[in-house]
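Novice: The working numbering applies: residue 5 is where the sequence shown begins, and numbers increase by one.
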Amino acid sequence: MVQQRVFKTLGLLWLSTFVFSVDRTQNDPKASFVAAKTLLESGYSVQDLRAIDRARLFFEARLKVAGFEKQAHYYAALADYRAINAMNIADQRDEKEHLARLDRAIDHLEWVSKRDNSSVEPMILLYTLYSRRIGLKPLSAMSLFGKMEKARDTARRLSPANPRLLLVQAIYDYHAPKRFGGDREKAHVGFLNAVRAFVKESPSGDSLTPDWGYEDACSWLGISYRDRGDSLAARQSFERAVQANPHFAWARDVLLPTVLPNGMSSSTSSAR
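#1: Answer with buried or exposed for glutamine 247, where buried requires no fewer than 16 other C-beta atoms within 10 angstroms of its C-beta.
#2: Is it right to say proline 265 is buried, meaning 16 or more other beta carbons lie within 10 angstroms of its own, or is it exposed?
#3: So proline 33 packs on phenylalanine 72, CB below 8 Å; how close in whole Å?
#4: How many whole angstroms separate the CB atoms of arginine 105 and leucine 44, which I take to be in contact at a CB cut-off of 8 Å?
#5: Run through DSSP, which three-state label would leucine 260 get?
#6: Between the C-alpha atoms of lysine 204 and serine 163, what's the straight-line distance to the nearest angstrom?
#7: What does a CB cutoff of less than 7 Å around phenylalanine 252 pick up in its chain, not counting 5 residues either side in sequence?
#8: Would you say alanine 191 and serine 241 are within 8 Å of each other, going by their C-beta atoms?
#9: I need the straight-line Cα distance from lysine 118 to leucine 236, nearest angstrom please.
#10: Where does proline 207 sit, in a helix, a strand or coil, going by DSSP?
#11: So the alpha helix (DSSP H) aspartate 157 belongs to, where does it begin and stop?
#12: Would the beta-carbon of isoleucine 93 be found less than 7 Å away from any heavy atom of the ligand ATP?
#13: Which of helix, strand or coil does DSSP assign to serine 223?
#14: So is aspartate 52 buried or exposed if we call it buried at 16+ other beta carbons inside 10 Å?
#15: List the endpoints of the continuous alpha helix (DSSP H) containing asparagine 92.
#16: What would DSSP say about threonine 213, mapped onto helix, strand or coil?
#17: Quick one: what does DSSP say phenylalanine 252 is sitting in, helix, strand or coil?
#18: Is it buried or exposed for glycine 15, if we count other Cβ within 10 angstroms and need 16 for buried?
#19: My output table needs one value for glutamine 247: the three-state DSSP class, helix, strand or coil.
#20: For the region 122–136 against the region 90–99, do three or more pairs of beta-carbon atoms, one drawn from each stretch, fall closer than 8 Å, so that the two count as touching?
#21: Just the C-alpha distance for threonine 42 and methionine 91, rounded to the nearest angstrom, thanks.
#22: Cβ of leucine 169 within 8 Å of Cβ of alanine 159?
#23: As a quick exercise: from Val38, Thr262, Gln75, Ala80, pick the residue whose alpha carbon is nearest that of leucine 61.
#24: With distances taken Cα to Cα, identify the nearest neighbour of valine 172 among Gly217, Gly139, Pro181, Gly185.
#25: Quick one, which of Ile175, Pro250, Cys222 has its alpha-carbon nearest isoleucine 128's?
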C-alpha cells in the first residue's frame with residue numbers, strides 16, 4: 005500500500021512537468037501538440053483520468069488550428085478511448101459516461117474520415133470505437149456493424165501489418181461473441197502478431213504520428229497466456245510491458261500480482 009502511494013505521488017509529480025510543457029509551448033503549435041500527446045499517454049500509463057482529460061480538453065480547444073485539425077480530432081478521440089480503458093481497469097464501469105465518451109470520440113473520427121479516408125490511424129481507432137459501442141449497446145449493431153467492418157477493411161487495405169490494427173483486431177476477437185467472429189485462439193495469435201509488429205515498427209520521424217499500444221499488446225498477450233494456464237509466459241509478458249514503461253500501472257499494479265514469480269497463479273488475482 006505504501007509503495008502504491010509512492011508510485012502515485014511520483015506519477016503526479018511526473019505528469020506536472022508535462023502540464024508545464026503544454027502551458028509554456030502555446031506559441032508553438034507543433035511543440036504544444038507533442039506535449040499534450042505525451043501528457044495523454046503519461047496519464048494513461050499512471051491511470052490518471054485528470055491528466056487524460058486535460059489532454060483531451062487541450063485538443064478539443066484546438067480543433068481549428070490551421071494545419072493541425074486532423075491531429076486535434078484524432079487525439080481528442082484517443083483521449084476518450086484511453087479514459088474508457090482506464091475506467092475499466094479501475095472497475096469504474098459507468099455506462100452513461102462510457103457511452104458519452106464513445107459517441108464524442110466517434111464524432112471526432114467521423115469528422116476526420118469524411119475529409120481523409122486514406123489515413124490508417126483514424127480508421128483503426130474508429131474501428132475499435134464502433135466495436136466498443138456495439139459491445140456496450142448491442143442493438144446499435146444494426147446501424148454500426150457495417151460502419152465497423154468498413155473502417156476495419158479500410159485499415160487492412162491501407163496498412164495490414166500496422167501493430168495498432170493487429171492489437172485492436174485481437175481485442176475484438178477476444179471479446180466478441182462467436183456469432184460475430186469472436187475466437188480466443190485467434191485473439192491469442194493476434195496478440196502475438198501485434199507484439200512482434202510493435203517490435204519491428206520503425207519511428208516515423210514525426211513526433212505527432214500515433215505510436216501507442218506496445219505495452220497494451222504485451223499486457224493482453226499476458227492475459228491470453230494466463231487464460232491458457234501458462235502463468236510463466238503470462239508473467240513474462242506483463243514484465244515486458246513494465247520493462248518498456250516502468251510507469252505502466254495496469255501491468256505493474258494490476259496484472260503482475262495475478263501471477264507469482266514462480267509462474268503460479270495468485271489466489272488473489274484481479275484482472276481487467
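We put the CB at the ideal spot given by N, CA and C, even for glycine.
Specialist: Reading from the atomic positions:
#1: exposed
#2: exposed
#3: 6 Å
#4: The pair is not a contact, with the Cβ atoms about 14 Å apart (cut-off 8 Å).
#5: helix
#6: 14 Å
#7: Ser49, Glu219, Ala245, Val246
#8: no
#9: 46 Å
#10: coil
#11: 145–162
#12: The ligand ATP is not among the ligands present in this structure, which contains no ligands whatsoever.
#13: helix
#14: buried
#15: 73–93
#16: coil
#17: coil
#18: Only weak support is given to the placement of glycine 15: the predicted model assigns it a pLDDT of 48, under 50, and the value that follows is read from those uncertain coordinates. That one is buried.
#19: helix
#20: no
#21: 19 Å
#22: yes
#23: Ala80
#24: Gly217
#25: Ile175
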